[in-house]
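For reference, the structure is listed below as structure tokens.
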Amino acid sequence: MAAARCSFLALSVVLIGGAVSAVDEGLIHLHFYFHEVDAGTPNATVVNVASLHKNSSTFGDVNVFDNALRAGPDPVSRLIGRAQGFALHTSLDESGGLTAITFAFSDYGGYSGSTLATLGHIGVSGPSERSIVGGTGKLRFARGYMASRLLSSTDTSIVVVFDMYFTLAR
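Read left to right, the sequence shown gives residues -22 to -1, 1 to 148 (mature numbering (1 follows the signal peptide of the UniProt record, and there is no 0)).
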């Protein structure tokens, strides 16, 4: 088993608009883009549902979101699914928080109709890693991690690139 894990395969499968590859026997890699439209703008995909502070602190705030997952960084690139979840501002120094996100794939090749569930800390600067704690459909029993980083930001939207690496229980 350990020997099989160490032998890398040069197998890469590109699905229409999104990349999926088997980097190592049993290791799956998904690559896509998260598009968020800020609250207060038309078609907002994120909203602050709880804020207990009258000052500028965000500690304790709760945001919920239903963001587009796209094949590319362009906001008109092919829609492959939705990222639905919440973010809790859990850091007193406002350096990060906790996210719980379900990635629901609607048009992502063989993974259409499947989901991945994630949980973990996100920092306000730099790349973040969070755990993949499960899945449904063809992604049932997924375990691994995802790496994300901010690709672009405007006054009204952000684009985040995601790379997910996981295995499925056999």
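The beta carbon of each residue, even a glycine, is placed where N, CA and C say it ideally should be.
Query raised in the report: DSSP state of L94, grouped into three classes?
Result: For the purposes of this step, residue 94 is taken as residue 116 along the sequence shown, with counting starting at 1. Correct three-state label for L94: strand.
Requested in this report: Would you grab the beta carbon distance between G122 and M142 for me? Rounded to a whole angstrom, and I think it's under 8 Å.
Outcome: Working through the sequence shown from its first residue, we reach residue 122 at position 144. Working through the sequence shown from its first residue, we reach residue 142 at position 164. Contact flag correct, Cβ pair sits at about 7 Å.
Query raised in the report: Exposed or buried, what is T19 when buried is set at 16 or more other beta-carbons lying within 10 Å of its beta-carbon?
Result: Position 41 of the sequence shown holds residue 19. T19 comes out exposed.
Query raised in the report: Which residues in the same chain have their Cβ closer than 6 Å to the Cβ of S130, if we skip the five residues on either side of it in sequence?
Result: Within the sequence shown, the letter at position 152 stands for residue 130. Cβ within range, chain order: V137.
**Report entry** L30 versus L70 - alpha carbon distance
**Finding:** By 1-based counting over the sequence shown, the position of residue 30 is 52. By 1-based counting over the sequence shown, the position of residue 70 is 92. Going by the C-alpha atoms only, they are around 14 Å apart.
Query raised in the report: Using a Cβ-Cβ cut-off of 6 Å (strictly less than) and excluding sequence neighbours within five positions of L97, which residues of its own chain qualify?
Result: For the purposes of this step, residue 97 is identified with residue 119 of the sequence shown, where counting begins at 1. The answer, listed in chain order, is A78, S109 and V111.
Requested in this report: In angstroms with no decimal places, state the Cα-to-Cα distance between I6 and A22.
Outcome: If you number the sequence shown from 1, residue 6 lands on position 28. If you number the sequence shown from 1, residue 22 lands on position 44. I6 and A22: Cα-Cα distance of roughly 32 Å.
Query raised in the report: Using the beta-carbon count (16 or more within 10 Å), is T93 buried or exposed?
Result: For this step, residue 93 is matched to residue 115 along the sequence shown. Result: buried.
Query raised in the report: DSSP on V139, reduced to helix/strand/coil?
Result: Indexing the sequence shown from 1 puts residue 139 at position 161. Of the three classes helix, strand and coil, the one that applies to V139 here is strand, per DSSP.
Query - Three-state class that DSSP yields for L70 in the structure shown - result: Residue mapping note: residue 70 aligns to position 92 of the sequence shown, counting from 1. Looking at L70 - three-state DSSP - the assignment turns out to be coil, as it is neither helix nor strand.
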